[in-house]
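Novice: Protein chains in written order, with the numbering used here: chain A, 667 to 1338; chain B, 667 to 1338.
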């Protein structure tokens, strides 16, 4: 026999339990999953060992900053799959892992029962059990230890007690429970690596965003709006039921190569320029554009917003106008050209001479990273908790992972929305690295097939574990073709889709409310006379405004928990390709919302909807009420197949709440 | 600005390329994938960086024992997915990884082209290019370095050369190619962890196995067969076209609690016992049962087999009869009971008193592991390269990973077949840990839906990357219900299914050839008068023998490369649930086999088969020949939809080779 040395033997070969396929996880644990405060983390794993013994398993989890692990016992679902859940109550990073072991005592109890039933001799088995209980006593404390020791003696007592008595004791629930409290875990297996869940505020999952340009809300016509002028607008937005008010960059705007109206390379005198041309003599990313007011004015606006239960979101765009102070102070952070100039942004043949991108391959990348992070830190000090980040996919991915994690380690309440309209892999990567929410392809998903496929992808694991979509039917950069062609019904349709498919959604508000739909040139997805390059006056009281509908939709969202998450999204069959039907429901079934949308803004459509009944607790021929929360209308439906008709001019969608009929002793119809 | 210290900054923040989702891999690289000598490893990865620059990527791979990495350039498939392949020519473990970097020069060339086309001023761009080429010269050697330096000067020459000349040089393929030969890879990303591929002999993928009990082939009737007696049987098995001949355990058989005929707990005098009751006074796992002959006889048999191009496979069953020498020498390797006895195997209420299992939680687990491994080493020295391991799922998983990897590090030609008929997770785990091939659920997959679902699961990644099925329609332990009920046609059906669905298959030969179908008791899946407990005499020349069919099927397998792998398996629609149709094809399309099986052994069935034409290079109305390799019949088919009829009494299956019609100048039909 060879000597057991130099053989690459493991440290502990007696460890027999295997733990595999722990979920949820992202990329084998390389990135954390995401949850919000109050949610459950449902952990599953494949757990097994050689042979037929009984196993036990727990999920260990540790709250942010805690030293102690807590444990949730797992139960076997079948086919070696186990499950437990724990809830996350604190902001920050929890850690979790699965621990499992062979339960020799439980295995013994199980075998004892079978042998007794088969009337086999169990004399030796009882002695084996006595040994196990004696060992359990050694692990127990105080009275439990004494109790186990007593039972061990009784189990092993070959005289004075009948075999029947000893079998009864050995099989007893009391002994089983006490032994289970002091398990032998010396050879327990633990899953690797430890997994993490980032716990964000509820607003990371559920919120309605409203974007506007403060400068367009000047008190006097034609004048540059200030933060102070925005107070009334804040109240209006809050009254409409929004949760976040989001501003384009508020920093000084450069003068070199400043863009004029409609992105004109030549800027006329007095034109305000694009807020994304950041930095001038007045300062850079840590300064406020003087015409908007002072930093104190801004802080006042944030305070006022919070009184109205609104969060202010800032747009952080890491790029510089040629006038930005960084250009002189840190020329090494930009790409120097052989002629002594700095490389402006370009995507040949397009040139963006008003924009200098940062050079992330700079030798002084450490200095650059630290400074960029300090921009967030500056605005965090001013009270801002929510950030929309401009084009993060054109900055080094490594920077984001470091920056977002550093910031969230100190400020776990922060929310970062990734404005990356780019290829799928990049968008997902940014979400994995730490972005709380993400812009996505919703603006370009219009047909039933497109919407179904895309939302099945992004609302289910593995994607849903790290990627939270925020749905925007329009932005200052994007006026989708769909909205250009079909007037007010198109806006109503896209609003309902965004607000019901997405627990988080947003609108570039004034333009959306007023159904602004004129493109710069036919075919382009940009606005004519874009607010990016000029001050606008919005007639928000116009008769065709969608303000009332938006207010109603937001109220429905607030009153119906099913719409506050994407977890329960299920699409349903309906025999018309222009009708899209889907439900969201709370896990307890207490709130179920069925949305049916006519995707065709031009024609009335009707169809027969197939609703699976069992998931909603409905019997095959049961009647139930569908209460349209948009119109107030109530429909009595029966069974799985029901008729729907939607006229886009009037109301292109139903947002039904399912109300089940309950019979009372008076046998009147009564709806819960 | 903060100091860039204590900030948990990465070592190199300038690394901008991201590599994700490298495939193939098993459990994020925790286990190797499997291939055989001569196969390709097709590596894919998601590769991207911030911004719009051009990337380059290679797969690095290293042969077993080699120090140098070789590289295969990757190409972009679209949607940020890249691919390259390399072939594995040596037995053992290859390592591979993906390396990718931003190609600044290629990006520059691409942008230059766009700017020139847009008639933009490129004066500064040419200077930028000159710098890049100068840097390239610094990385190059010899003449290449001189050439690049010259070109750098020409590119940067503001006098003496026209802009047009310099643009032509900058855009030139020659310059691009030379720069590509000396890439700047200082900031290249490399995928982690390094992945591994275990390269096995071709027999690991493709082979036909034949199992028989040597003791049943005694020269004189009723006498115990010896290794020498088996010579004729070896020749017969080789003539039938098998590749592996596999014997149940050949070790001394214990006498304590020896089992009699039909698993009788009482053994009559002279009964031979079960070969799985291993160990007696004559020795244990490293000894030969004396009645079979000597170790030298066994070595002679292995030599004779190899002359016949047969590998001998041994059954290794790690369990002991109470008479095994280990029991006395290493009592600590077994579970001691309080009454001083050793715990025999049991699955209450069943008792296996003739078997002592090893206790893998023994304190002396190191000694046990080393000894068990030495059992394989002993038989490797006798020339055995192929092992069927009995019930590996009842031994610690950690042991197998260590043992199999240790053995294969020295002997990469070894093949281990896992006989684990247990739950799916355990079977897959054993495959991941190092088993070359695996028994599987084929014996219990009979219907079209069952076969389709199961084979789609096990013949495609991720499972196919680590799990190689070996299909057995019967074993000495398993006489499936399907074979019991339906006579000879059932055996023909299961043979064709095993031999065409699986590149590796095997039969418990004499019983299968003779369609032995009597269960021990009705409903049991065990043989009456099982050869496990007694010597049998097989009338292999009987008229109803399947020897001819088996021989023909094995020849078809050898002559058709498509049947030698599971990679190309595709199921096809046929409008009869008793007919199963599937193709296998070589990647080059040179060999395509369509198998159609009537799964009903009782009735003739017919149906219309839908064959997709494009994958086989057939035009919609093209005629082609289907050549049945079992019967020799030839059918002229046209288009996608064709008629099939199968009478199970005559031939329950077609194994068609697709032969395409080619028109010659004489316009006679001519079949390739």
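Every residue, glycine too, gets a C-beta built ideally from N, C-alpha and C.
Since residue 925(B) meets chain A, which of its residues come closer than 7 Å, beta carbon to beta carbon?
Specialist: One-based indexing of the second chain puts residue 925(B) at position 259. Going along chain A, no residue has its Cβ under 7 Å from residue 925(B), so there is no contact; the nearest lies around 19 Å.
Novice: Under a CB-based cut-off of 7 Å, is residue 1131(B) close to chain A?
Specialist: Working through the second chain from its first residue, we reach residue 1131(B) at position 465. Not closer than 7 Å to any Cβ of chain A, the Cβ of residue 1131(B) fails to qualify, so no.
Novice: Using a Cβ-Cβ cut-off of 7 Å, state whether residue 1074(B) counts as contacting chain A.
Specialist: Residue mapping note: residue 1074(B) aligns to position 408 of the second chain, counting from 1. Not one chain A Cβ lies under 7 Å of residue 1074(B).
Novice: Skipping 5 residues on each side, what residues in its chain have a beta carbon closer than 6 Å to that of residue 688(A)?
Specialist: Within the first chain, numbered from 1, the residue matching residue 688(A) stands at position 22. Correct list, in chain order: 711, 764, 857.
Novice: Could you please give the first and the last residue of the uninterrupted beta strand (DSSP E) stretch that includes residue 899(B)?
Specialist: Residue numbering aside, residue 899(B) sits at position 233 when the second chain is read from its first letter. Run containing residue 899(B): none in the beta strand (DSSP E); it sits in the alpha helix (DSSP H), 897-905.
Novice: Counting only C-beta atoms, is residue 640(B) closer than 7 Å to chain A at any point?
Specialist: The shown model of chain B, from 667 to 1338, leaves out residue 640(B), and the question about it has no answer.
Novice: With a Cβ-Cβ cutoff of 7 Å, do residue 863(B) and residue 1023(B) count as a contact?
Specialist: In the second chain, counting from the first residue as 1, residue 863(B) sits at position 197. In the second chain, counting from the first residue as 1, residue 1023(B) sits at position 357. No, these two residues do not count as a Cβ contact at 7 Å.
Novice: Using the beta-carbon of each residue, which ones in chain B are nearer than 9 Å to residue 786(A)?
Specialist: Taking the first chain and counting its residues from 1, one reaches residue 786(A) at position 120. Per Cβ cutoff of 9 Å: 1014, 1015, 1017.
Novice: So if I threshold CB-CB distances at 8 Å, which residues from the stretch 1054-1071 of chain A count as touching chain B?
Specialist: 1059, 1060, 1061, 1062, 1063, 1064, 1065, 1068
Novice: In chain order, what are the residue ranges of uninterrupted beta strand (DSSP E) at least 3 long that sit wholly in the stretch 789-868 of chain B?
Specialist: For the stretch 789-868 of chain B, the full-length beta strand (DSSP E) segments reaching 3 residues or more read 861-866 along the chain.
Novice: How many angstroms separate the CA atom of residue 978(A) from the CA atom of residue 720(B)?
Specialist: Within the first chain, the letter at position 312 stands for residue 978(A). Within the second chain, the letter at position 54 stands for residue 720(B). The straight-line gap from Cα to Cα measures roughly 38 Å.
Novice: Report all residues from its chain with a CB closer than 6 Å to the CB of residue 1339(A); omit the five preceding and five following residues, and keep chain order.
Specialist: The question about residue 1339(A) has no answer, for chain A in this structure spans 667 to 1338.
Novice: Between the stretch 1203-1221 of chain A and the stretch 1173-1180 of chain A, do three or more beta carbon pairs fall short of 8 Å?
Specialist: Cβ pair count under 8 Å is three or more, so yes.
Novice: Below 7 Å CB to CB, which residues in the same chain sit around residue 899(B) once its five sequence neighbours on both sides are set aside?
Specialist: Here the question's residue 899(B) lines up with position 233 in the second chain. 878, 883.
Novice: Who are the Cβ neighbours of residue 957(A) in its own chain at under 6 Å, not counting the five residues just before and after it?
Specialist: Taking the first residue of the first chain as 1, we reach residue 957(A) at position 291. Answer for residue 957(A): 890, listed in chain order.
Novice: In the DSSP assignment, find the unbroken alpha helix (DSSP H) run with residue 1093(A) in it and report its ends.
Specialist: To locate residue 1093(A), count along the first chain from 1; it is residue 427. Note, residue 1093(A): alpha helix (DSSP H), 1090-1099.
Novice: Can you give me the start and stop residues for the alpha helix (DSSP H) that residue 1070(A) sits inside?
Specialist: Here residue 1070(A) is taken as the residue at index 404 of the first chain, counted from 1. 1063-1076 is the span of the alpha helix (DSSP H), which, as asked, contains residue 1070(A).
Novice: Listed in chain order, which residues of the stretch 743-754 of chain B have Cβ atoms closer than 9 Å to some Cβ of chain A?
Specialist: 745, 746, 747
Novice: Report yes if the CB atom of residue 893(A) is closer than 7 Å to the CB atom of residue 989(A), and no otherwise.
Specialist: Counting from 1 along the first chain, the entry for residue 893(A) is found at position 227. Counting from 1 along the first chain, the entry for residue 989(A) is found at position 323. No, the pair does not count as a contact, with Cβ atoms beyond the cut-off.
Novice: Using 8 Å as the cut-off, can you tell me whether the stretch 1153-1161 of chain A makes contact with the stretch 1177-1195 of chain A, which would need three or more C-beta pairs spanning the two stretches below that distance?
Specialist: yes
Novice: For a test of the three-state rule: what should DSSP assign to residue 966(B), helix, strand or coil?
Specialist: Counting from one through the second chain, the residue named residue 966(B) turns up at place 300. Of the three classes helix, strand and coil, the one that applies to residue 966(B) here is helix, per DSSP.
Novice: Distance, Cα to Cα, residue 1211(A) vs residue 1239(B)?
Specialist: Taking the first chain and counting its residues from 1, one reaches residue 1211(A) at position 545. Taking the second chain and counting its residues from 1, one reaches residue 1239(B) at position 573. Whole-angstrom Cα-Cα distance: 55 Å.
Novice: Check for me: the alpha helix (DSSP H) holding residue 1196(A) runs from which residue to which?
Specialist: In the first chain, the residue the question calls residue 1196(A) occupies position 530. Counting along the chain, residue 1196(A) falls outside any alpha helix (DSSP H), and DSSP gives it neither H nor E.
Novice: I want to verify the contact list: residues of chain A whose CB lies under 9 Å from the CB of residue 1026(B), in sequence order.
Specialist: Numbered from its first residue, the second chain carries residue 1026(B) at position 360. 679, 680, 682, 716, 717, listed in chain order.
Novice: Excluding sequence positions up to five away, which residues of its chain have a Cβ less than 7 Å from the Cβ of residue 1019(B)?
Specialist: Taking the second chain and counting its residues from 1, the one referred to as residue 1019(B) is at position 353. Here the set comprises 923, 1010.
Novice: Would you say residue 1083(A) lies against chain B (beta-carbon separation less than 7 Å)?
Specialist: As a working note, residue 1083(A) is residue 417 in the first chain. By this cut-off, residue 1083(A) is not an interface position.
Novice: Determine the chain A residues that contact residue 686(B) at a beta-carbon separation under 8 Å, and present them in chain order.
Specialist: Stepping through the second chain from its first residue, residue 686(B) is reached at position 20. Near residue 686(B) (Cβ distances below 8 Å), the residues of chain A are 693, 1091, 1095.
Novice: Check whether the stretch 1307-1327 of chain A touches the stretch 816-824 of chain B, counting contact only when three or more Cβ pairs, one atom from each stretch, lie closer than 8 Å.
Specialist: The stretch 1307-1327 of chain A makes no contact with the stretch 816-824 of chain B, as fewer than three CB pairs between them are under 8 Å.
Novice: Which of the three DSSP states, helix, strand or coil, is assigned to residue 742(A)?
Specialist: The residue labelled residue 742(A) in the question sits at position 76 within the first chain. Strand.
Novice: Return the residue from the list 748(B), 747(B), 839(B) that minimises the CA-CA distance to residue 779(B).
Specialist: Within the second chain, numbered from 1, the residue matching residue 779(B) stands at position 113. The candidate whose alpha carbon is nearest that of residue 779(B) is 839(B).
Novice: In chain order, what are the residue ranges of uninterrupted beta strand (DSSP E) at least 3 long that sit wholly in the stretch 680-761 of chain A?
Specialist: 683-689, 699-702, 706-715, 721-728, 736-739, 741-744, 747-753
Novice: Below 7 Å CB to CB, which residues in the same chain sit around residue 1092(B) once its five sequence neighbours on both sides are set aside?
Specialist: Here the question's residue 1092(B) lines up with position 426 in the second chain. For residue 1092(B), where only same-chain residues beyond five positions count, the Cβ hits under 7 Å are 1059, 1086.
Novice: Using only the alpha-carbon positions, how far apart do residue 679(A) and residue 1064(B) sit?
Specialist: Position 13 of the first chain, counting from 1, holds the residue named residue 679(A). Position 398 of the second chain, counting from 1, holds the residue named residue 1064(B). If you draw a straight line from the Cα of residue 679(A) to the Cα of residue 1064(B), it is about 6 Å long.
Novice: Check this for me: beta carbons of residue 1228(B) and residue 1208(B), under 7 Å apart or not?
Specialist: As a working mapping, residue 1228(B) is identified with position 562 in the second chain. As a working mapping, residue 1208(B) is identified with position 542 in the second chain. Going by C-beta atoms, residue 1228(B) is not nearer than 7 Å to residue 1208(B).
Novice: Nearest by alpha-carbon distance to residue 1114(A): which of 1237(A), 1077(A), 1131(A), 1132(A) is it?
Specialist: The count along the first chain starts at 1 and reaches residue 1114(A) at position 448. Looking at the Cα atoms, 1237(A) is the closest of the given residues.
Novice: In terms of residues, what are the limits of the alpha helix (DSSP H) holding residue 770(B)?
Specialist: Residue 770(B) sits at position 104 when you count from the first residue of the second chain. Segment 770-783, the alpha helix (DSSP H) holding residue 770(B).
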